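S.K.: Mind having a look at this structure? Questions to follow.
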Amino acid sequence: MQIVQKLPQRVALAAEMLSRIGNEHDFLNHTIFSDKATFHVSNRVNISTTAEFGDKKISMQYRKWKETDQKSMCCALLRDTVIGPFCFVETSV
5 MQIVQKLPQR VALAAEMLSR IGNEHDFLNH TIFSDKATFH VSNRVNISTT
55 AEFGDKKISM QYRKWKETDQ KSMCCALLRD TVIGPFCFVE TSV
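Residue numbers for the sequence shown follow my numbering, beginning at 5 and rising by one.
Shown next, in the form of structure tokens:
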């Protein structure tokens, strides 16, 4: 597994999230957390994590490999609901 973002940016995002959760009573009502992992034939994994604040999408990590055989899984978390997990085995996903 390869981690492509820097630790200080992750810490800053975590601090901002905790601050907003504490200060804005309805913050989590407008936030969707989603995870997607793509598994390739070579056993490498591409992890993509995003957070959505209303209509603003913050991408925390991105890495792309050009390989033909891959399988993707994704899941989303709302304030009180889990969506997924979904497994995609098509190469077009």
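All residues carry an ideal CB built from backbone N, CA and C; glycine is no exception.
Since this is a predicted model, take the numbers as computed values, not measurements.
1. Quick one: grab the DSSP three-state call for Leu81.
2. Can you grab the Cα-Cα spacing for the pair Lys40 / Cys91, in whole Å?
3. From His34 to Val86, what does the alpha carbon distance come to, in whole angstroms?
M.R.: Quick answer:
1. Here Leu81 sits in strand by DSSP.
2. Annotation: Lys40 to Cys91 spans about 10 Å, alpha carbon to alpha carbon.
3. Cα-Cα distance, rounded: 15 Å.
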